[in-house]
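For reference, the structure discussed in these notes is given below.
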Amino acid sequence: MNYNLDLFGKKMEQIRKNLNLTQKKICELAGIDSVTIRRIENGKVVPKLDTLEILSPIYKQDLINLLLKYRFDDYLTFYEIKNRLEFKLDSVEFNTLHNEFKELNILLLSTKNNYYKVIIKQLILFTEAILLYKNNSDMDNKALNMLIESLKMTTPRFDLNDYNSFVYSSMEIRILMNIAFILNRLNLKEKYLEIMEFCFQSTDINDEIYPKLCHNLAGVYRRNKDFEKALKFSNIGIRVCQEIRNLNGLNLLYYGKGIAEFHLKKSEYIQSLNVSITLCEALGQNKLKDEIIENCREIFGIDL
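The C-terminal residue of the sequence shown carries number 303 in numbering that gives the first Met the number 0, and the numbering is unbroken.
Below, the structure is given as structure tokens:
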């Protein structure tokens, strides 16, 4: 299920203010991180039921029941399409993405909720931008503008020069992360690192995008030849994936771990790389597996 998080967040903020409570006081009473409270009130995260259960006595009402009033009925269809689309993007399997685009456009026509329409349009534009810059380096600026446009769909006042003034949803963090990738290709490396670190610091450890951020931040440090930090973030991502029992992205994290260990002359690098290959096979990501094997051989002289 999905929810009109914008309206739910505004309602949460209204209740808190009616009780004369600050965000800081809520955090103290509930033992919940301030980032989580900000993201809930800004409509940027689906709150966990456990979190709402802890907050309910403080807000003096059943927040789980309140959340259900903001539910969308057809979200399961959207979520299934979104998962398939993201799996193909992560697996570098772009040739059949037209199927997901078609399904999203059908869903866009059928839904009557305006907020939901915006979320679907955002995902479509985000994916189109990725395909544009992945397939044609001459289109980086156009892809960058498309990503900024997609971010403005849910954060209208977004400005790249003032990006750290906003609170972001998981999807918006993913868009901002891809903006950073393009800035790196445009040789704005300091801005690239700055945005990636901001994304990491702005994301809850339980967010589905957290391991992906760990992998990409590790990549930033590998490019900067800071292999100790690269290994640190790969290991953080691996630990989180294991704790939440999520295999998706674990193959890339082990790949990054192996490359960092290789540069640090740690003998276990070959084991990490072989785990990466095994996970690719288990997930059916054969194209990604071939890319990892080729990169290891051509770039690092490692035969797997």
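The beta-carbon is built from N, C-alpha and C at its ideal position, and this holds for glycine as well.
My output table needs one value for residue i: the three-state DSSP class, helix, strand or coil.
{"i": "ARG222", "result": "helix"}
{"i": "PRO56", "result": "helix"}
{"i": "ASN19", "result": "coil"}
{"i": "PHE86", "result": "helix"}
{"i": "ASN41", "result": "coil"}
{"i": "LYS76", "result": "The amino acid at residue 76 is misidentified as Lys; the sequence shows Thr. THR76 falls in the helix class under three-state DSSP."}
{"i": "GLU189", "result": "helix"}
{"i": "ASN247", "result": "coil"}
{"i": "VAL239", "result": "helix"}
{"i": "ASP161", "result": "helix"}
Compute the distance between the beta-carbons of residue i and residue j, then report whether it is under 7 angstroms.
{"i": "ASP225", "j": "THR35", "result": "no"}
{"i": "SER271", "j": "LYS256", "result": "yes"}
{"i": "ILE181", "j": "TYR132", "result": "yes"}
{"i": "SER168", "j": "ILE208", "result": "no"}
{"i": "ASN3", "j": "TYR69", "result": "yes"}
{"i": "ARG184", "j": "ASP139", "result": "yes"}
{"i": "GLN241", "j": "SER90", "result": "no"}
{"i": "SER149", "j": "ILE174", "result": "yes"}
{"i": "LEU146", "j": "ILE178", "result": "yes"}
{"i": "ASN163", "j": "PHE199", "result": "no"}
{"i": "LEU278", "j": "LEU249", "result": "yes"}
{"i": "LEU54", "j": "LEU62", "result": "yes"}
Opposite residue i in the DSSP bridges: which residues?
{"i": "TYR2", "result": "ARG70"}
In chain order, what residues of the same chain lie with their CB nearer than 7 angstroms to the CB of residue i, ignoring the 5 residues before and after it?
{"i": "SER201", "result": "VAL34, TYR167, ILE172"}
{"i": "GLN22", "result": "SER33, ILE36, ARG37"}
{"i": "MET11", "result": "ILE39, GLU40"}
{"i": "ILE57", "result": "ILE25, LEU28, ALA29"}
Over the uninterrupted alpha helix (DSSP H) stretch that includes residue i, give me the two end residues.
{"i": "LEU96", "result": "96-109"}
{"i": "ILE119", "result": "113-134"}
{"i": "SER275", "result": "268-282"}
{"i": "LYS141", "result": "139-151"}
{"i": "LEU175", "result": "169-184"}
{"i": "ARG296", "result": "285-299"}
Looking only at its chain, what residues have a beta carbon closer than 6 angstroms to the beta carbon of residue i, apart from the 5 residues adjacent to it on each side?
{"i": "ALA217", "result": "ALA229, PHE232, SER233, GLY255"}
Quick one: residues in its chain with C-beta nearer than 8 angstroms to the C-beta of residue i, no 5 flanking neighbours on either side, listed in chain order?
{"i": "ILE123", "result": "PHE100, LEU103, ASN104, LEU107"}
{"i": "ARG221", "result": "ALA229, GLY255, ILE258, ALA259, HIS262"}
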